[in-house]
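Asks: Numbering of the sequence shown is given in the working numbering, commencing with residue 140 and proceeding in unit increments.
Have a look at the structure that comes next, please.
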Amino acid sequence: MKKFSLSFPGVLLRGIVIFLLFSSLTLLRAEARQLRQVTPESENFVSEYFTEFDGWIMELIERGNIPGAIVAVGRGDRIVYLKKWGDRQKNPVVEPLTYDTLYDLASCGKIVGLAPSIAMLVDQGKLQYEDPVVKYLPELNNHGKEKIKIRDLLTHTSGIRDGYSWSGTPEDIWQRIAQLPVKWEPGERYEYSCLGCVILGKVVERISGESYADWTRNHLYLPLGMTDTMFHPDAERRRRTAATQFMDGRWIKGEANDTRARRMGGGTGNGANFSTIHDTAVFASVMLNQGIYVTEDGREEKLFSPEIWEQMLSSQPTTIGNRALGWDKRADKPNRGVLQSSKACGHGGYTGTSIWIDPAFNTFVIMLSTRLNIDPKMPNIYPTAGKIANRVIDAIRDPRNETEIRTKVQNQVREFQAAEALAFLKGKKLCLIANNAEEVERFLNAGLEIVKIFWRDEDHSAQLSTKIPQSLQLSKLNNRRIRVQDIKGSDTLVYVAEINGNGNSLSIRDLGSSLQSAADLDLEYVVMDTLNPQGMKLVEGEFPEAGTESSIIFRRLPQKFGMSPGELALLFNTEYQVNAKLTVIPCRETEITVPGTLESPVVTPTLSMKDDDSWFRYQRNLYLIYPR
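Printed below as a string of structure tokens:
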């Protein structure tokens, strides 16, 4: 064979090569998309709420939990908060943290990769969520796997165990996976399975004819301008990647920390892709926009239709709570926080990453770190990420006017006289939230179907337990959200507890948290209203300490807040986008009146509140509270 060669002088040839490499890198950087950064106030946030992030992140750094972190908060396609702390890594050498640092996303890659990839193939008609996986991977047609659907793999209900021997070549590993039995019938129960996501990555490869790494980069990341998101960073990107931990005789930097992904060559469906804070913010904004994005030349394109987007993020009940298709939605996830709406979806990553979007508020909250770099035994960053998510929602100023809120309230509330309440609850399977023995006895004597009673007062629960049938469950109401296993067999949560006059009371926290649980679990929520505490009509007193919502307080209310339980539920459900299926049954002695016609709302910064601590917009007896 004839050989062709170029006879450029060595120096000139090296110069051309260096120039071409530099030009290609510059081109990639030029094509990278970044969201515009604006002030929090321009997107109806109060920036003072974000000042607490410094202390929370520095606490993690000072105790050796993480070397550093980056947090981005956004609304729609705007970043309202972006800040970094500490270093990119401490080991094997200290490197300063930069905003273009690449992090191993770990399981966050399940949403920044796998879930939208499957949704895109569904939208293109190449795949259906109800398809059996053996349609695309016939080698799995054994040991019960023939019943597994694509949906089962996305919701971790396939029955395939997580954990396996990852020795041998990638092909050896795949052949062993193909022979694994299922542990239970597909769809029967939930168990988190990275292996199921590895299988889904293989489905993408069989349908597309490309490797999963190439498919996601060519059809998802590059079209969105996410040029720093990939499974196999090049040398330049490896230089600015955060190392994870020492494993297999070396520091893992620029290759998958996850053993499964690494030994299968990197680029598997269970995650371990790399990305930056700017790229993940772009991804989050596109997901909030239902997969619609604008190209470099100004054309509007979409990853998938709004209908497929809705399917991807819709609630999928499992034995441990709601998930979406590839996304997490569970209310008790610590990195989710307790104040995001029932529409919130996201994921966490083992390496110290957390990404959540909330379509109800049009917000995203991202925290990236490398928590394995100093001491892999240190806990994950999830509680801190959850606190940040709480403060983000609490910082929102909703610009809607009171007439719009009133309309929503009227649509949600069906007013019943007390005598009609029993008829409304007939035929429903009830879980009661109570602290009043007389109310519980009234329900028991009315012949209503009660599945379970959540009880806060242990002294009275012992007394009540002697009066209820043995078949009826009596449980203490935990501080966290109600889980799906807690309400098995019921379809309606009924709040019959009395609340005291202190806005810092646990009974109010229980009301708000259980209302959010109802939204998360798709249950009806009924409030048996009572008189305002102590006949209270005044609004006065100090707010509790900021940042305590997730532990003892649902929302920051003054000591006297002037609202009944029903009015509070309306406030929580509408103003804070809980969006539960709420019904308030007023008592005869009071009304929840929302007039058909309204004057412009009265606004005052005082109302006996210390240091103008809050604004109240109010009309008659319905108070809409905006704590600062």
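All residues carry an ideal CB built from backbone N, CA and C; glycine is no exception.
Here the structure is a predicted model, which is why all the values come from computation and not from measurement.
1) Can you list, in chain order, the residues of its chain whose CB lies under 8 Å from that of threonine 380, leaving out five sequence neighbours each side?
2) Pull up the DSSP beta-bridge partners for asparagine 712, would you.
3) DSSP state of tryptophan 323, grouped into three classes?
4) Going by C-alpha to C-alpha distance, which of Ile205, Gly213, Leu199 and Leu236 sits closest to valine 177?
5) In this structure, how does DSSP classify valine 212 when only helix, strand and coil are distinguished?
6) Is the separation between the beta-carbon of valine 342 and that of tyrosine 275 shorter than 8 Å?
7) In three-state terms, what does DSSP make of tryptophan 224?
8) Quick check: what's the CA-CA separation for methionine 197 versus glutamine 173?
9) Less than 7 Å between C-beta atoms, sequence neighbours within five positions excluded: which residues of the same chain meet that for isoleucine 447?
10) Contact defined as beta carbons within less than 8 Å: I believe alanine 534 pairs with valine 210. What is the distance between those atoms, to the nearest angstrom?
11) Counting only the same chain and skipping the five closest in sequence on each side, list residues whose C-beta sits under 7 Å from that of glutamate 234.
12) Can you check DSSP and say which residues form a bridge with aspartate 467?
13) Three or more C-beta pairs under 8 Å: does that hold for the stretch 287 to 299 against the stretch 327 to 344?
14) Is there contact between the stretch 650 to 661 and the stretch 701 to 713, where contact requires at least three CB pairs shorter than 8 Å?
15) Does serine 350 come out as helix, strand or coil in the three-state DSSP assignment?
16) Along the chain, where does the alpha helix (DSSP H) containing tryptophan 195 start, and where does it finish?
17) Check whether the Cβ atoms of glycine 491 and asparagine 519 lie closer than 8 Å to each other.
18) Look up glutamate 432 in the DSSP assignment and give the residues it is bridged to.
19) For the stretch 506 to 533, which segments carrying the beta strand (DSSP E) assignment without a break, of at least 3 residues, lie completely within its bounds, in sequence order?
20) Go through its chain and collect everything with a Cβ distance to histidine 282's Cβ below 8 Å, but skip five positions before and after it.
21) Going by alpha carbons, who is nearest to glutamine 773 out of Ser508, Pro456, Ile532 and Gly485?
22) Smallest Cα separation from tyrosine 220: which of Arg175, Val723 and Met667?
23) On a CA-only basis, which of Asn396, Thr237, Thr523 and Cys247 is nearest phenylalanine 189? Give me that one, please.
24) Could you name the residues that DSSP lists as bridge partners for leucine 721?
25) Nearest to valine 110 by CA position, among Phe563, Glu349, Ala400 and Gly476, is which residue?
26) CB-CB under 7 Å to alanine 708, same chain, minus the five flanking residues each way: which ones, in chain order?
27) Could you check what DSSP says for valine 337 in three-state terms: helix, strand or coil?
28) Using 10 angstroms around the beta-carbon of serine 493, count the other beta-carbons present and answer buried if the total reaches 16, otherwise exposed.
29) Between the stretch 507 to 518 and the stretch 455 to 471, do three or more beta carbon pairs fall short of 8 Å?
30) Spatial neighbours of cysteine 333 within its chain, please: C-beta separation below 8 Å, excluding the five flanking residues on both sides.
31) Using a threshold of 7 Å, is the CB atom of arginine 376 nearer than that to any non-hydrogen atom of the ligand GTP?
32) Along the beta strand (DSSP E) that carries phenylalanine 582, what are the first and last residues, could you check?
33) With distance defined between alpha-carbon atoms, name the residue in Asn183, Val717 and Arg401 nearest to glycine 307.
34) To which residues of the same chain is glutamine 716 closer than 7 Å at the C-beta, ignoring the five residues directly before and after it?
35) Pull up the distance between the alpha-carbon of glutamine 450 and that of alanine 576, whole angstroms please.
36) I need the boundaries of the beta strand (DSSP E) containing leucine 571, first residue and last residue.
Replies: Reading off the structure:
1) Once the five neighbours on either side are set aside, the close Cβ partners of threonine 380 are Thr240, Leu241, Tyr242, Asp243, Pro372, Lys392, Gly393 and Phe413.
2) When DSSP reads this structure, asparagine 712 sits in no beta bridge, so it has no partner.
3) coil
4) Gly213
5) Here valine 212 sits in strand by DSSP.
6) Yes, they are a contact pair.
7) Three-state result, tryptophan 224: strand.
8) Those two C-alpha atoms are separated by around 26 Å.
9) Here the set comprises Ala258, Val261 and Asp262.
10) Contact flag wrong, Cβ pair sits at about 13 Å.
11) Asp226, Arg227 and Gln228
12) Paired residue(s): Arg462 and Gly485.
13) The stretch 287 to 299, when compared against the stretch 327 to 344, does touch it at the 8 Å Cβ threshold.
14) yes
15) Correct three-state label for serine 350: coil.
16) Per DSSP, the continuous alpha helix (DSSP H) segment holding tryptophan 195 begins and ends at 192 to 201.
17) Against a cut-off of 8 Å, the Cβ pair of asparagine 519 and glycine 491 comes out as a contact.
18) For the sequence presented, residue 432 should be read as tyrosine rather than glutamate. Glu440, per the DSSP bridge assignment.
19) DSSP runs (the beta strand (DSSP E)) wholly in the stretch 506 to 533: none.
20) Only residues of its own chain outside the window of five on either side were considered, and among them Gln318, Leu319, Pro320 and Val321 have a CB closer than 8 Å to the CB of histidine 282, listed in chain order.
21) Because the chain in this structure spans residues 140 to 767, residue 773 falls outside the shown range and cannot be described.
22) Arg175
23) Thr523
24) Answer is Tyr664.
25) One cannot answer for residue 110 here, as it falls past the ends of the chain, which runs 140 to 767.
26) Leu650, Leu654, Val666, Leu721 and Val723
27) helix
28) Only buried fits serine 493, as 16 or more other CB atoms lie within 10 angstroms of its CB.
29) no
30) Ser246, Asp301, Asp397, Arg399, Asn409 and Gly410
31) Of the ligands one can find in the structure shown there are none, so the ligand GTP has no counterpart to examine.
32) First-last for phenylalanine 582: 576 to 584, but that is the alpha helix (DSSP H), not the beta strand (DSSP E).
33) With distances taken between Cα atoms, glycine 307 lies closest to Arg401.
34) Ser480, Ala499 and Phe500
35) Cα-Cα distance, rounded: 43 Å.
36) 569 to 573
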